[in-house]
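Q:
In this note's numbering, the protein residues as written are 34 to 193.
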C-alpha cells in the first residue's frame, strides 16, 4: 500500500512540475510576441546626455572644420562678462583638476586676468575676483552657481 501511495505521489508531482514548466514557457513566448507586436516603434537613443543639442552641434562643427580658437589656445583669457558662472568641477587632486567658468575650461596651470583660483575641492572653488575700487574679493562657488560682479551676490543657477 505504501509503495502505491509513493508511486502515485511521484507521478502527481512530476505531472505538476511538467505542467508548470510548459505554462512558463508558453507565457514567455506569448510575452515575447506581445512585446514585438506592441513595440513596432523603434526607441531612439539620444546622441548625447551630457551636452545640449546646440553644444553638441558646435562641438561637431569645430571638429569637422578643425577650428581652434586662438585666444583660447594662446594663454590667458579674458572673462569680460559681468558674471562668473561655475558650470562644473572635475577634480582628481589638488594639482589635477578642471573647472568650467562661463563655458571655458580652466586648469591648474592657467592664469586669467579676471580671477585667480585660490582653493579647490570636489564640492567648491575659492576664487579671488577683482572688483574695480575694492580690490580683490574672495568668492566661493559651487557648481551651478553664478557670482554677479556688479552686485557682489551669488545666486543658484545661471544668470543671464
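C-beta: ideal position from N, C-alpha, C; glycine also.
State the CB to CB distance for the pair residue 178 and residue 186, rounded to an integer number of angstroms; the pair is presumed to be in contact (CB under 8 Å).
A: Contact doesn't hold; Cβ gap of about 10 Å is too wide.
Q: Where does residue 188 sit, in a helix, a strand or coil, going by DSSP?
A: Residue state, collapsed to three classes: strand.
Q: Count Cβ pairs between the segment 155-172 and the segment 118-127 that sit closer than 8 Å; are there 3 or more?
A: A contact exists between the segment 155-172 and the segment 118-127.
Q: Just the C-alpha distance for residue 93 and residue 136, rounded to the nearest angstrom, thanks.
A: Cα-Cα distance, rounded: 16 Å.
Q: If I'm right that residue 162 touches residue 145 with Cβ under 8 Å, what's the distance once you round it to whole angstroms?
A: That pair is no contact at about 10 Å.
Q: Please classify residue 174 as buried or exposed, where buried requires at least 16 neighbouring CB atoms within 10 angstroms.
A: That one is buried.
Q: Out of 169, 82 and 153, state which residue places its alpha-carbon closest to the alpha-carbon of residue 126.
A: When only C-alpha atoms are compared, the closest one is 153.
Q: If residue 218 and residue 115 are in contact, beta carbons under 8 Å, what's the gap, nearest whole angstrom?
A: With the chain covering 34 to 193 only, the question about residue 218 has no answer from this structure.
Q: Use the C-beta contact count for residue 84: other C-beta atoms within 10 angstroms, 16 or more gives buried, fewer gives exposed.
A: So residue 84 ends up on the exposed side.
Q: Report buried or exposed for residue 172, applying the criterion of at least 16 other Cβ atoms within 10 angstroms of its Cβ.
A: When all chains shown are included, residue 172 counts as buried.
Q: Can you check whether the CB of residue 130 is closer than 8 Å to the CB of residue 141?
A: Yes, the Cβ-Cβ distance between residue 141 and residue 130 is below 8 Å.
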